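Following the UniProt record's numbering, the numbering of the sequence shown begins with 1 at its first residue and continues without gaps. Quick reminder that beta carbons are idealized off the backbone N, C-alpha and C, glycines included. Quick caveat: nothing in here was measured; it's all calculated off a predicted structure.
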Amino acid sequence: MAPPVFRFAPSPNGRLHLGHALSALLNFDMAQAAGGRFLLRIEDIDLSRCRPEYEASILEDLAGLGIRWEEPVRRQSEHFDAYAAALAVLDRAGLLMRSYASRREIAEAARAADAAGAGWPRDPDGAPLFPGDARLPAADEIARRRDGGEPAAIRLDMGRALSVAGPLTWRETGAGPSGETGTIAADPAAWGDVVLARKETPTSYHLSVVVDDALQGVTHVVRGRDLFHSTAVHRLLQRLLGLPEPVYHHHALVLDETGEKLSKSRGGTVLADLRAGGATPQDIRAMVGLGPPRAT
């Protein structure tokens, strides 16, 4: 039997903080305990925000924690062809739509609806759902943008996709925001017609993560609880693309003093700063609630 495969997949758009340390260490520890493999993937599809200096900092921080990974490191920016191939599969199956509504237009329409007391449907992250080009923008504006050669966002036609995929579940060995564990019923419809590619980024997090996990043979996805509901979209794409289903394990988040999850834009918990201040790998493990590493 092949060994289990775990991965840590940060984006090089800022420096790692304690929340990243928890996720990286959990993946590495679980791989070690299971006699499995540990991979590092750099999720750098956003070419406007990702920087080589941040990637270098990620490698330094992980090595400073005693984490070892297999080479070569997979960088998503080097594999846009793989994501284009997955999009082509979905397109041939008639599961994609082109949308000319901008994010700004959708947000403004949602704010207007909220102000009028009508409300606007939102996804599990709180972002306003796409209402369909039949509602936004106006039909003549859609035609103008299309005929003028403006690039469209490529979205998954959720209704058609669900009719093809049927009911979906996933195996959860961690826990969701409300303690959900075991066999979880997936609800991709809560995300609406999700974007799979845009003009400035020829893939999306949802698409690239499932393609990469399959190509790298990842068997166990261990990540923060803030991505629990995203798993529904990932399971849908896996079913539509004929990709294997990993086991999922969502862990608790490291929160700041206000009870909010940590972000790269806020200081105080950045790993490089902590290490420069004298924090040892054991200190950082204790800060995120982990005990000593497993002896190897």
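Check                                                                                                                                                                            : Outcome
Would you tell me roughly how many angstroms separate the C-alpha atoms of histidine 220 and phenylalanine 6, rounded to the nearest one?                                        : 5 Å
DSSP state of glycine 126, grouped into three classes?                                                                                                                           : coil
Under the three-state reduction of DSSP, which class applies to phenylalanine 228: helix, strand or coil?                                                                        : coil
For leucine 274, which residues from the same chain have a beta carbon less than 6 Å from its beta carbon, with the 5 sequence-adjacent residues on both sides left out?         : none
Measure the alpha-carbon distance for glycine 149 versus proline 128 and round it to whole angstroms.                                                                            : 26 Å
Only counting the same chain, and skipping five residues up and downstream in sequence, which positions put a Cβ closer than 8 Å to that of leucine 207?                         : Tyr83, Ala86, Leu87, Leu196, Ala197 and Leu237
List the residues that DSSP assigns as beta-bridge partners of arginine 155.                                                                                                     : Met97 and Val195
Note the first and the last residue of the continuous alpha helix (DSSP H) segment covering isoleucine 58.                                                                       : 52-64
Excluding the five sequence neighbours on either side, which residues of its own chain have a C-beta within less than 8 Å of the C-beta of threonine 183, listed in chain order? : Thr169, Trp170, Arg171 and Glu172
Ordered along the chain, which non-local residues of its own chain (more than five positions away) have a Cβ less than 7 Å from that of alanine 175?                             : Thr181 and His250
Could you check the C-alpha separation between arginine 239 and aspartate 226 for me, to the nearest Å?                                                                          : 22 Å
With a floor of 3 residues, list each beta strand (DSSP E) that falls wholly inside the segment 206-256, ordered by position along the chain.                                    : 220-224 and 247-251
May I ask you to report which of helix, strand or coil DSSP gives histidine 17?                                                                                                  : strand
Would you give the residue range spanned by the beta strand (DSSP E) that glutamate 172 belongs to?                                                                              : 169-172
With burial defined as no fewer than 16 other Cβ atoms inside 10 Å of the residue's Cβ, what is the status of serine 230: buried or exposed?                                     : buried
Can you have a look at alanine 214 and say buried or exposed, based on whether 16 or more other CB atoms are within 10 angstroms of its CB?                                      : buried
Cα separation between histidine 17 and aspartate 256?                                                                                                                            : 11 Å
Indicate the three-state DSSP secondary structure (helix, strand or coil) for isoleucine 106 in the structure shown.                                                             : helix
Could you check if glutamate 53 is buried or exposed, using at least 16 other CB atoms within 10 Å of its CB as the buried criterion?                                            : exposed
Locate the alpha helix (DSSP H) running through arginine 285, then write down its first and last residues.                                                                       : 281-287
DSSP state of isoleucine 42, grouped into three classes?                                                                                                                         : strand
Run the CB neighbour count on glutamate 43, radius 10 Å, all protein chains shown included, and call it buried at 16 or more, exposed below.                                     : buried
With a threshold of 7 Å on Cβ separation, who are the neighbours of arginine 104 within its own chain once the five nearest residues in sequence on each side are excluded?      : none
DSSP on arginine 294, reduced to helix/strand/coil?                                                                                                                              : coil
With distances taken from CA atoms, which of Gly224, Val89, Leu243 and Phe228 is nearest valine 218?                                                                             : Leu243
Where DSSP assigns a beta bridge to alanine 185, which residues make up the other side?                                                                                          : Thr169
To the nearest angstrom, how far is the alpha carbon of proline 177 from that of phenylalanine 228?                                                                              : 8 Å
Can the beta-carbon of aspartate 114 be found less than 8 Å from the beta-carbon of alanine 190?                                                                                 : no
Rounded to whole angstroms, what is the Cα-Cα separation between arginine 98 and glutamate 70?                                                                                   : 39 Å
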